[in-house]
Amino acid sequence: MTLTESAPEVRPAAVRPPAPARRLPSARTALVAGSAYLIAFVFLFPYLVMLLTALRPQEELREATYLPQTFAWSNFANFWTGGLAQNLGVTLQVAAGSTLLVLLVALPAAYYTARHEFRGRTAFMVLVLITQMFQPTAMLVGIYREFYQFGLVDSVWSLILVNGGFNLAFAVWILHAYFSSIPRELEEAAFIDGNGRFGALLRVTLPLAMPGVVTALIFTFIAAWNEFVVALTLTTTPSNQPLTVALNSFIGQYQVDWQNLFAGSVIATIPVIILFALIERKVVGGLTAGSIK
Amino acid sequence: MTTLATTPAGPQARARRAGPRPRRRDGLRPWLYLLPAAAVLLPLLGYPIYMLGLLSVFDYRQAQVSGGEPTTFVGFGNYATLLGDQRFWSVLGQTVAFAAALVVATLAVGATLAVVLSRAGRVPRLLLSLAAMAAWAAPAMTGSTVWMFLFDADLGLVNQVLGIEGFNWFYDRWVAFGVVGATVVWHSFPFVMVTLYAGIQAVPASVIEAAALDGASAWQSFWKVLVPILRPLITIVVIQSIIWDFKIFTQIYVMTNGGGIAGQNSVLNVYAYQTAFGSSEYGLGSAIGMVMTLILLAVTLLYIRALHRRGESL
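Chains as they are written, first to last, in our numbering: chain S, 1064 to 1356; chain W, 712 to 1025.
Shown next as structure tokens:
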């Protein structure tokens, strides 16, 4: 914008095409900007409340001051001493484990379906798409029964497997889209240059598909980190529960331990927001299965 | 943001022209690559569904689990029980109505904000995107607890601001649904907003300008120009929202303490969970789960058809 405005001083005005008549009246612009600020504030407000409550001492909960009068960092200290650190560890194991599982399994499938035409390819992709819509909640009895049979109830492994399984579809789809977007000529050139098939894949295709790989990994990580109902059903020992389930136990029938709940919630929320900020733009394309054209 | 619209699609089209090379003999080679995925999907999705279907035709309760009573085959007995149960129908109706309201609300909020986003300046746009992202990424669990706190009868900010003492927002069925619904919309509007925003960005500015020159108001150009152009995208967003809002569990379970007073805020998922794991009626719970799965499958098939219509190659 500034360029267009300063340009006439440098060049003869006649040469410049007339500025596009697209400028909105300033009152409307201000209104739009104002409402955008207001809406953003309203949507961020719950997080502000979460953070401030986590920093309030117990006695101050009933007083309606905007900022805590004394900052109680002890609520965060309680997180580490009160055993929740162990639950954070479980969450990390589940998220990392299922991400690794998805990576190992989705990469070959996505690569092959993107590169080769074969009988059953469409069927496979449709099947993957259907599983993306499946949800563990409706199938809980079946899932519980299965892990019960294999003696994996109340273990980190069951959570890793379930989260990996239910997030596989999205990873396959987004990786498939990325692999399809890389011209096969590039890979073939590398192959002819003396790299093996695998070498060409490793040195040329995979680096080019990296943004897709990172997106799929972070998305899986976040989904597994946030998962609630499967963990609620499959884990019973408090120290085996991931953070989301452990935090739920702060909510009693008659009383809620708000400060400690929110201190834990802040810790459970911040990492995923940061991770999500890295991939947000790419996720949308994957969620609509490449439907934005 | 425009990269969003073109990243997967643009180069993909180029690759398609080159086309995957047709292979003369497929042999077993494809399955070498697909086997790991199949090895995860089958036991983790296929087997639980099989188990769910199997248990749903058995009388399977706590007594059978502990081995006190033999497991008996009851055919469609559990389904018959469900269909004859007034409560099942009321929960089903509630689920559909709640999901429908959520889809409408999410779409209204998401679409409005997508338009605001496309007109706002750099700084407000960034801030709004950040707010949306924070709501999108957060665990449903922690989001639910904050909203619960905001509407808490004694400590909640909402009661303080409105100046009402001790009003319990979770006491009345529909008020409670309203609060939970607001939380769900807060979680799910960002997807709609960001997707539609990307769609709007892809519409050439000249089209909107032409409409404005012809004297269309902003309202008219939204309904008469943008919506028809974006219709395929909107279809997909609507179906995705239906699927998401139908699956709601965490917000209701956490905010209404497992389904509200006497289970008045139950939706199908919560009802299935409570039947199976609350009352140990595993067979009956499985039957509810099967009903839920079948409904979702039907919506998914609609989704695939909508994708197919867009010329999406599967």
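Yeah, the Cβ is synthetic: ideal placement off N, Cα and C, and Gly gets one too.
Interface with chain W (8 Å Cβ-Cβ cutoff): residue 1099(S) is included.
Fully contained in the stretch 853-891 of chain W are the following alpha helix (DSSP H) runs of length 4 or more, in chain order: 868-873. Linking residue 1279(S) to residue 751(W) through their CA atoms gives a straight-line distance of about 17 Å. By the beta-carbon neighbour count (other beta carbons within 10 angstroms, threshold 16), residue 1146(S) is exposed.
Note that the stretch 1313-1322 of chain S does not touch the stretch 1180-1199 of chain S; fewer than 3 beta-carbon pairs, one per stretch, sit closer than 8 Å.
Residue-level contact check: residue 1020(W) does not touch chain S, since none of the beta carbons of chain S fall below 8 Å from its beta carbon. Close to residue 831(W), with beta-carbon spacing below 8 Å, are these residues of chain S in chain order: 1095, 1096 and 1099. Below the 8 Å Cβ cutoff, chain S contributes 1109 as neighbours of residue 858(W), in chain order. Between residue 1150(S) and residue 1306(S), the C-beta gap is smaller than 8 Å, which places the two residues in contact. Judged by DSSP in its simplified three-state form, residue 783(W) adopts strand. In this structure the stretch 1012-1021 of chain W does not lie against the stretch 1222-1241 of chain S, because fewer than three pairs of beta carbons, one per stretch, are closer than 8 Å. Taken atom to atom, the span from the alpha-carbon of residue 986(W) to that of residue 771(W) is near 12 Å.
With distances taken between CA atoms, residue 1212(S) lies nearest to 759(W) out of 989(W), 994(W), 967(W) and 759(W). Residues of the stretch 929-945 of chain W with a C-beta atom less than 9 Å from some C-beta of chain S are 929, 943 and 944, listed in chain order.
Beta-bridge annotation (DSSP): residue 1102(S) is not paired with any residue. Residue burial is scored here from C-beta neighbours: residue 829(W) has at least 16 other C-beta atoms within 10 angstroms and is therefore classed as buried. The three-state reading of DSSP puts residue 1216(S) in coil, since its state is none of H, G, I, E or B. Under the three-state reduction of DSSP output, residue 1123(S) falls in the helix class. Taking a 10 Å sphere around the C-beta of residue 935(W), we find fewer than 16 other C-beta atoms and assign the residue as exposed.
In the DSSP assignment, residue 956(W) falls within the unbroken alpha helix (DSSP H) covering 938-957.
When rounded, the separation of the alpha-carbon atoms in residue 1327(S) and residue 860(W) is 15 Å.
For the set 1119(S), 1227(S) and 1214(S), the Cα lying nearest the Cα of residue 1134(S) is the one of 1119(S). Secondary structure of residue 1314(S) (DSSP, three-state): strand.
As for any alpha helix (DSSP H) of minimum length 4 sitting wholly inside the stretch 1232-1264 of chain S, the runs are 1247-1255 and 1260-1263, ordered along the chain. Inclusion of residue 1339(S) and residue 1113(S) in the CB contact set at 8 Å is not warranted, their separation being larger than that value. By the Cβ-count criterion, residue 761(W) is exposed, with fewer than 16 other Cβ atoms from all chains shown falling within 10 Å of its own Cβ. Assignment of residue 1319(S) by DSSP, reduced to helix, strand and coil, places it in the strand class. Chain-order list of chain S residues neighbouring residue 745(W): 1172, 1175 and 1187, by C-beta distance under 7 Å. Flagged as an interface residue toward chain S: residue 868(W), by a C-beta distance shorter than 8 Å. Around residue 1340(S), the beta-carbon contacts reaching into chain W at under 7 Å are 844.
Annotated as proximal: residue 978(W) and residue 809(W), with beta-carbon spacing under 8 Å. Within the same chain, 1245 come within 7 Å of residue 1271(S) by CB-CB distance, once the 5 residues on both sides are set aside. For residue 766(W), the closest of 778(W), 784(W), 833(W) and 968(W) by C-alpha to C-alpha distance is 784(W). Counting along the chain, the unbroken alpha helix (DSSP H) around residue 1274(S) starts and ends at 1273-1289.
Residue 1299(S): not part of any alpha helix (DSSP H); DSSP gives it neither H nor E.
Residue pairing by DSSP places residue 772(W) opposite 992(W) in a beta bridge.
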